[in-house]
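Per full-length UniProt numbering, residue 1 is the first one in the sequence shown, and the count goes up by one each step.
See below for the structure under consideration.
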Amino acid sequence: MRVASDYDKQANFNTYKSFAFYKPGIDKAEISDLDKKRILRAIEADMTAKGFTKSSNPDMLISIFTKTKENVNIYQNNYGWGYGWGWNPWFWGTGYNTVSTTTQGTLYIDLIDASKKELIWQGMGTSALTQDVNRKQEKVNEIVAAILEKYPPQEN
Numbered sequence: 001m002r003v004a005s006d007y008d009k010q011a012n013f014n015t016y017k018s019f020a021f022y023k024p025g026i027d028k029a030e031i032s033d034l035d036k037k038r039i040l041r042a043i044e045a046d047m048t049a050k051g052f053t054k055s056s057n058p059d060m061l062i063s064i065f066t067k068t069k070e071n072v073n074i075y076q077n078n079y080g081w082g083y084g085w086g087w088n089p090w091f092w093g094t095g096y097n098t099v100s101t102t103t104q105g106t107l108y109i110d111l112i113d114a115s116k117k118e119l120i121w122q123g124m125g126t127s128a129l130t131q132d133v134n135r136k137q138e139k140v141n142e143i144v145a146a147i148l149e150k151y152p153p154q155e156n
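In structure tokens:
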């Protein structure tokens, strides 16, 4: 899993105490409604644990978007066997390729100043996606926690 974040150095992150989800942005995310629910649940739990409150009049709006990329890995195995001398029309060699594909997903979490409608923070996490329904929420929770670990930004 890889995570990164960027933010507006002019923003005063101490003034943000409440949040709401930005529906127009979330509606555009090209993932299933079930996965959207998983992500939003994880974000809400993480933000609440950090002391933020969900509000109908928020300081901050949260939006998400996603990208997926298919990675194809080819492993070539060349095993040859047969007659080692002379010419034989029945020489058989075996060689095969093992092909595996993994889907990598990137989740972006955008935090937007509600009054100015300006992006103040963006976090991004990339990880291999799981098809195991029993592990999906757990995987989403891990990714969201890793991304939001960088919020609020710590000045060095």
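Cβ atoms here follow ideal geometry from the backbone N, Cα and C, with glycine treated the same way.
In the structure shown, the three-state DSSP call for L119 is strand.
Ranking F19, I43, E30, T48 by CA distance to the CA of G105 puts E30 first.
Counting every other CB atom within 10 Å of its CB across the protein chains shown gives S63 a total of 16 or more, marking it as buried. Spanning the alpha carbons of D8 and Q122 requires a straight line of approximately 9 Å.
The beta carbon of K67 sits closer than 6 Å to those of T106, all from its chain and outside the five residues before and after it, given in chain order. Taking 7 Å as the cut-off, the beta carbon of D46 is found no closer than this to the beta carbon of V133. In the structure shown, T103 falls within a strand segment according to DSSP collapsed to helix, strand and coil. Short of 7 Å from the beta carbon of F52, and not among the five residues preceding or following it, lie these beta carbons of its own chain, in chain order: K17, S18, F19. Take the alpha-carbon of K117 and the one of N57: they are about 14 Å apart. For the pair D59 and A114, the CB atoms are nearer than the 7 Å cut-off. Counting along the chain, A49 sits inside the alpha helix (DSSP H) bounded by residues 33 to 49.
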